[in-house]
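Data first, discussion second: the structure below is written as structure tokens.
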């Protein structure tokens, strides 16, 4: 069965490059029933008209929440919309990704084969690459006999490029809105695994994706993502908050704790011990340990106010 009548694409944007967004919309249009833009920043009526033209006759709508409410709220709104419209799949994307041609029908075909084999796939995602085509580091895999079909069961995939089974999502529950950004996909995928569903990566379906501001090169093949202060805050905070969650595997918790000192040292050194980085890391650790979640401004605006600086906008989602 064709994926087109079953799938709605949802793109979350925050101050996107318009040319890239138009290209993304045009690439998706042939393979989906509808494209929904969740605009965490303003989209004018003229920009909406250009997006509709790029969709080449495929229905396109824009959800305007009136501010940046974070990725969890956006994903949940897109899932609710897809459910109301009777869609079987939501194809999640952000503005910094570009799937290869035919990605959606290929992922839908893999989903069907997995179901026929007795699996319960909640998400099937592509293999992310950088813009040169070099594959990014894959998430931890799990034992599976499906590898010969170029699909690997993994602990999690990144949200962008994920073909989400909407029926499974109803059973797994909503994305964590209080995480705001960072590790939302990791937590949800681990919750799906815990509840008897599975997460899969199609190894031969590639998708170009930009991570943060690039990678920091270290010895031993380690390449942590370079992120601005707010993203470092939410990353550390949310990863530490996950230590309290029963559905998060012990191995992931151990890895988080073991890597924490190295990550902090790397980000401090890479950013020359700047005050913004020190504050973001410190408050990320403290708020994560206390599971104090929510928008990053809640924690960081007070610091900026005391320093006499205006709050900066939250950086775009990855």
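Residue numbers (our numbering): 250 to 567.
Ideal Cβ positions, reconstructed from N, Cα and C, are used throughout, including at glycine.
Can you find the residues in the same chain that come closer than 7 Å, C-beta to C-beta, to residue i, ignoring five residues on each side of it along the sequence?
i           : result
residue 544 : 319, 429
residue 490 : 537, 540, 542
Quick check on residue i: buried or exposed, where buried means 16 or more other Cβ atoms within 10 Å of its Cβ?
i           : result
residue 522 : exposed
residue 265 : buried
residue 518 : exposed
residue 510 : exposed
residue 364 : exposed
residue 480 : buried
residue 344 : buried
residue 225 : A query on residue 225 cannot be resolved here, the shown segment of the chain reaching from 250 to 567 and no further.
residue 437 : buried
residue 533 : buried
residue 294 : exposed
For residue i, which residues of its own chain have a beta-carbon under 6 Å away from its beta-carbon, when the five flanking residues on both sides are left out?
i           : result
residue 525 : 478
residue 439 : 496, 497
residue 432 : 487, 488
residue 321 : 424, 425, 426, 428, 433
residue 389 : 404
residue 418 : 328
residue 272 : none
Our contact map puts residue i next to residue j with C-beta atoms below 8 Å; I'd like the distance itself, whole angstroms only.
i           : j           : result
residue 452 : residue 400 : 7 Å
residue 408 : residue 324 : 7 Å
residue 262 : residue 290 : 7 Å
residue 444 : residue 421 : 6 Å
residue 304 : residue 278 : 5 Å
residue 281 : residue 311 : Not quite, the Cβ-Cβ distance comes to about 15 Å (not below 8 Å), so this is no contact.
residue 255 : residue 340 : Contact doesn't hold; Cβ gap of about 10 Å is too wide.
What residues are listed by DSSP as bridge partners for residue i?
i           : result
residue 425 : Paired residue(s): none; residue 425 is not in a bridge.
residue 414 : 338
residue 256 : 338
residue 262 : 288
residue 402 : 449
So, for residue i: in the same chain, excluding its five sequence neighbours on each side, which residues have a beta-carbon less than 8 Å away from its beta-carbon?
i           : result
residue 375 : 348, 349, 352, 356, 410, 450, 451, 454, 455, 456
residue 506 : 492
Original post:
Going along the chain, which unbroken runs of the alpha helix (DSSP H) with 4 or more residues stay wholly within the region 437-506?
Top reply: Listed in chain order, they are 478-490.
Subject >> Ranges of the beta strand (DSSP E) found wholly within the region 325-393, counting only runs of at least 3 >> reply: Within the region 325-393, the complete beta strand (DSSP E) runs of at least 3 residues are 338-343, 346-348, 370-378.
Subject >> Continuous beta strand (DSSP E) assignments of at least 3 residues falling wholly in the region 266-328 >> reply: For secondary structure counted as the beta strand (DSSP E) over 3 or more consecutive residues, the region 266-328 holds these complete runs in sequence order: 283-288, 308-312.
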